[in-house]
Amino acid sequence: MSTSEFPIAGRSVSEQSAGQFPWLMIENIPEAQETQSLAFKNNDIVRWLDFDSKYLKKEPPPLPVDAFLDCETWLGELVVVPSEYARLISSSFELAQVLQCKPRAQVIEDVIGTSNDDLSVVTGEVIYLLYECDNTHFMAMNKSFKRGWVSKRVLNVLLAP
């Protein structure tokens, strides 16, 4: 399986649009617990993966009480989040505010990936930079939330990681 997808209800993440996943804001983790080995912390955003479709409605219900939510962190790590430490992101405006602070770059040359680990990109596209893999590549994510390696030589970094 490539770095860009994993199965959810018989489909891969790359086959679902970003709008089909509720985003959650992590909050309310007590300071004493934040030092434990969690892969998330207060003010992180995660995509909720095992949700009921009612949470995609314009006015969704509150999160389930005392539930464990299967989520994906910004870096693509699968985590389990207790529902009392998360809330639904209230609007596309709130999500945009969070996303505008994420590292990103503009693509200056088309690249077609040669392996499942590469991200194909086109000139002018703006992609999110997740982390530096080595001296020549970033792990990046496009607006469809597909992840893969991208050569630094084809990027104009707008906001560095």
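Using the numbering used here, you'd call the opening residue of the sequence shown number 504 and step up by one each time.
Beta carbons: idealized from backbone N, C-alpha and C, even for Gly.
TODO: Give me the Cα-Cα distance between Ala512 and Asp553, rounded to the nearest whole angstrom.
DONE: Note that Ala512 has pLDDT 36, beneath the 50 cutoff, so the model's placement of it is unreliable and the number below is only indicative. One C-alpha to the other measures close to 8 Å.
TODO: Tell me whether Gln519 sits in a helix, a strand or coil according to DSSP, three-state version.
DONE: Its pLDDT being 42, under 50, Gln519 is placed unreliably in this model, and the value from its coordinates should be taken loosely. Secondary structure at Gln519: coil, using DSSP grouped into helix, strand and coil.
Task: Buried versus exposed call for Asp569 [16 or more other C-beta atoms within 10 Å across all chains shown] - done: Flag for Asp569 reads exposed.
Task: Bridge-paired residues (DSSP) for Ala608 - done: Ile630, Val660
Task: Nearest-angstrom beta carbon gap, Val653 and Leu622 [assumed within contact, 8 Å] - done: 5 Å
TODO: Quick one: give me the first and last residue of the alpha helix (DSSP H) that Glu597 is part of.
DONE: 595 to 602
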